[in-house]
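Novice: The sequence shown begins at 1 in full-length UniProt numbering and counts up by one. Have a look at this one before I ask anything.
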Amino acid sequence: EEFVLHSPTLTAYKWWPGSLAHTANYCVVMAHLYIQGKSCGIQPFLIQLRDEETHMPLPGIKLGEIGAKLGFNTVNNGFLGFEHHRIKRDRMLMKNAQVLKDGTFRKSLNSKLTYGTMVYVRVIIVNGMANQLARAVTIAVRYSAVRRQSELKPDAGEPQILDYVTQQHKLFIAIASSHAFSLTAKWLTRMYQKVTVDLEKGNMDELPELHAIACCLKAVTSWDTSSMSERCRLSCGGH
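Pasting the structure below:
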């Protein structure tokens, strides 16, 4: 009627989860399940981390703050490890796979169902990157429309810096990318919704494709949004 959670090495610790260092009292842990020495794959478990009265970590739970980060320092990202921490059997989330009272393991119809939640998070990230890039380039374009610099002809007045081709090259690419990311995010959301409906019917044919596309788009959109937002910031000069 119990599971024992243990992190045998430092590399087995969880690293970077938000709110883990100081805030969260509960979390869902993805852990490698072994029953009688046999691997049963990665399974989700609902874990209480801290005492609800004292807010101190429970016995067998090691957690803390990972330190300063480049951005998002308001989020208390942390690390988590276990030292033979015991939890009840019903703390395993058994929507897909199950462990019965006698220790029998019933695997899910498809092992890929477990990462469905992370697919949703990646879809949200792609949408968020489109919005963030749109905000950044909007600020830069508006600034470029009102900022004037370097009179090119006598008595002609200083042109808007948006009139310079080099400035346009910086900003127009970001504008186009923000629209592309936005349309892609909407398409990916529709794909996720369709696959979710299919999963409820037992059809998992498109789940691997959704997983692959969501992973790739998360990386591409977040990297490009970061670099283009920085370019937008620099395009505003020292102001």
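Even glycine gets a Cβ: it sits at the ideal position worked out from N, Cα and C.
Tell me, please, whether the stretch 93-104 touches the stretch 58-66 by the rule of three or more beta-carbon pairs shorter than 8 Å.
Specialist: Result no; under three Cβ-Cβ pairs closer than 8 Å.
Novice: So for V28, helix, strand or coil by DSSP?
Specialist: V28: strand per DSSP, three-state reduction.
Novice: Taking the alpha-carbon of A140 as reference, which of L171, W16, L63 and Q160 has the nearest alpha-carbon?
Specialist: For A140, the nearest C-alpha among the options comes from L171.
Novice: Going by DSSP in three states, E151 sits in which element: helix, strand or coil?
Specialist: Here E151 sits in coil by DSSP.
Novice: Is it right to say T23 is buried, meaning 16 or more other beta carbons lie within 10 angstroms of its own, or is it exposed?
Specialist: T23 should be labelled exposed.
Novice: Is the CB-CB distance between K218 and V75 below 9 Å?
Specialist: Result no, Cβ atoms of K218 and V75 do not sit closer than 9 Å.
Novice: I believe H85 touches L5 by the beta-carbon criterion, under 8 Å. Please report the beta-carbon distance rounded to the nearest angstrom.
Specialist: Right, the Cβ-Cβ distance comes to about 5 Å (below 8 Å), so this counts as a contact.
Novice: Helix, strand or coil for W16 per DSSP?
Specialist: DSSP places W16 in coil when its eight states are reduced to three.
Novice: Measure from the alpha carbon of E83 to the alpha carbon of each residue in L63, S229, C216 and T114, then state which is nearest.
Specialist: It is L63 whose Cα lies nearest to the Cα of E83.
Novice: What number of angstroms, rounded off, separates the C-alpha of F3 from the C-alpha of L188?
Specialist: Going by the C-alpha atoms only, they are around 37 Å apart.
Novice: Go ahead and label P44 buried or exposed: buried means 16 or more other beta carbons lie within 10 angstroms of its beta carbon, across all protein chains shown.
Specialist: Per the 10 Å Cβ criterion, buried.
Novice: Cα separation between G237 and L70?
Specialist: In a straight line, the C-alpha of G237 is about 22 Å away from that of L70.
Novice: Decide yes or no for the touch test of the stretch 204-215 against the stretch 160-169: beta carbon pairs closer than 8 Å, at least 3 of them.
Specialist: With a cut-off of 8 Å, the stretch 160-169 and the stretch 204-215 do not count as touching, because too few Cβ pairs lie within range.
Novice: Given this structure, state the Cα-to-Cα distance separating E206 from A180, to the nearest angstrom.
Specialist: Approximately 23 Å between the Cα atoms of the pair.
Novice: When DSSP labels each residue in this structure, what does G71 get in the three-state scheme?
Specialist: G71: coil per DSSP, three-state reduction.
Novice: Going by beta carbon distance, what residues of the same chain come within less than 6 Å of M204, once the five residues before and after it are set aside?
Specialist: Only N110 meet the Cβ criterion.
Novice: By the 10 Å Cβ neighbour count, where 16 or more other Cβ atoms means buried, how is S144 classified, buried or exposed?
Specialist: Buried, since its Cβ has 16 or more Cβ neighbours within 10 Å.
Novice: Ends of the beta strand (DSSP E) at H85?
Specialist: H85 to K88 is the span of the beta strand (DSSP E), which, as asked, contains H85.
Novice: Looking only at its own chain, which residues have a Cβ that is under 7 Å from the Cβ of V123, when we skip the five neighbours before and after it?
Specialist: L188, T189, Y192 and A214, listed in sequence order.
Novice: Which residue marks the beginning of the beta strand (DSSP E) containing P44, and which one marks its end?
Specialist: Counting along the chain, the beta strand (DSSP E) containing P44 begins and ends at K38 to Q48.
Novice: Just how far apart, CA to CA, sit G81 and S7?
Specialist: In a straight line, the C-alpha of G81 is about 6 Å away from that of S7.
Novice: Might you give, ordered along the chain, the residues of its own chain that have their beta carbon closer than 7 Å to the beta carbon of S150, omitting 5 neighbours on each side?
Specialist: So the list reads E158, once near-sequence residues are dropped.
Novice: Could you spell out the range, first to last residue, of the alpha helix (DSSP H) harbouring I124?
Specialist: Counting along the chain, the alpha helix (DSSP H) containing I124 begins and ends at G116 to V146.
Novice: When you compare only the Cα positions, how much space is there between T9 and Q160?
Specialist: Going from the Cα of T9 to the Cα of Q160 covers about 59 Å.
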